[in-house]
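Residue numbers (the working numbering): 60 to 289.
Data block below; observations after.
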């Protein structure tokens, strides 16, 4: 079971998150989108990526800009393992997927799917024709794109999507140590994602990972996956 933890800002925080069990760590590189306090300067993205590579952990770049050219430029500059398109006004299309492979041949493409109603199934099936991963999430905001709401949604829709597509699906939206096992057993996804429930939030928009909660999340996910035969 892949455990994906967002939103990393500092190098030490990244190392601790990986040591606590994360397989994927996500961050928002400096771009025209996202909460300013969460944006990571590119030199530090490189530092975090080196630590990921030492440990066999995937670096996920979260794209909150709605400019595909900016996304492609960041992918070319940073060469992440995964590029996560989560902006509220742009979704990856076949042309974007093709161009990403030219700019960053080893970078996989993850498209966020807003699960607001059953129409999400149709959208997910369409994306699955040309992206490498789907991320099913809750909420929509101009500063965070799809996700970061801390809320769950209708898991029955998510389970239908998992059963309907042939690519890996990562479950997100209000997951934490308290409910990740239930989500895994019901949805049977490829991976699970956590931001809000494994973070400490401070005034001014700053946050950092709550490492004990990250560890508890990862352990609960692994146990549930084993019990479910995943």
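All C-beta atoms in this analysis are idealised placements derived from N, C-alpha and C, irrespective of residue type, glycine included.
Of the listed residues the options, nearest to residue i (C-alpha basis)
{"i": "residue 265", "options": "63, 61, 67 and 146", "result": "67"}
{"i": "residue 98", "options": "254, 112 and 123", "result": "123"}
{"i": "residue 270", "options": "280, 70, 71 and 76", "result": "76"}
{"i": "residue 238", "options": "252, 226 and 227", "result": "252"}
{"i": "residue 175", "options": "195, 146, 254 and 126", "result": "195"}
{"i": "residue 166", "options": "250, 132 and 150", "result": "132"}
{"i": "residue 249", "options": "259, 260 and 226", "result": "226"}
{"i": "residue 61", "options": "81, 96, 197 and 74", "result": "81"}
{"i": "residue 220", "options": "244, 79, 193 and 236", "result": "193"}
{"i": "residue 235", "options": "181, 262, 153 and 280", "result": "280"}
{"i": "residue 229", "options": "85, 259, 113 and 268", "result": "85"}
{"i": "residue 218", "options": "260, 242 and 246", "result": "246"}
Delimiting residues of the alpha helix (DSSP H) encompassing residue i
{"i": "residue 178", "result": "178-186"}
{"i": "residue 160", "result": "153-162"}
{"i": "residue 296", "result": "Outside the shown range of the chain, which is 60 to 289, sits residue 296, and nothing can be said about it."}
Distance CB(residue i)-CB(residue j) smaller than 8 angstroms
{"i": "residue 87", "j": "residue 141", "result": "no"}
{"i": "residue 137", "j": "residue 101", "result": "yes"}
{"i": "residue 240", "j": "residue 283", "result": "yes"}
{"i": "residue 288", "j": "residue 256", "result": "no"}
{"i": "residue 135", "j": "residue 179", "result": "no"}
{"i": "residue 129", "j": "residue 91", "result": "yes"}
{"i": "residue 190", "j": "residue 156", "result": "yes"}
{"i": "residue 110", "j": "residue 144", "result": "no"}
{"i": "residue 197", "j": "residue 210", "result": "yes"}
{"i": "residue 72", "j": "residue 286", "result": "no"}
Reduced DSSP category for residue i - H, G, I as helix; E, B as strand; rest coil
{"i": "residue 77", "result": "helix"}
{"i": "residue 242", "result": "helix"}
{"i": "residue 284", "result": "helix"}
{"i": "residue 273", "result": "helix"}
{"i": "residue 167", "result": "strand"}
{"i": "residue 64", "result": "strand"}
{"i": "residue 259", "result": "strand"}
{"i": "residue 174", "result": "coil"}
Element boundaries [beta strand (DSSP E), containing residue i]
{"i": "residue 196", "result": "192-196"}
{"i": "residue 268", "result": "266-268"}
{"i": "residue 252", "result": "250-253"}
{"i": "residue 226", "result": "Segment: none, residue 226 is in no beta strand (DSSP E) and carries neither H nor E."}
Any chance you could list the alpha helix (DSSP H) runs of at least 4 consecutive residues sitting entirely within the region 93-141, in chain order? Taken in chain order, the whole alpha helix (DSSP H) runs of length 4 or more contained in the region 93-141 are 101-114 and 127-137.
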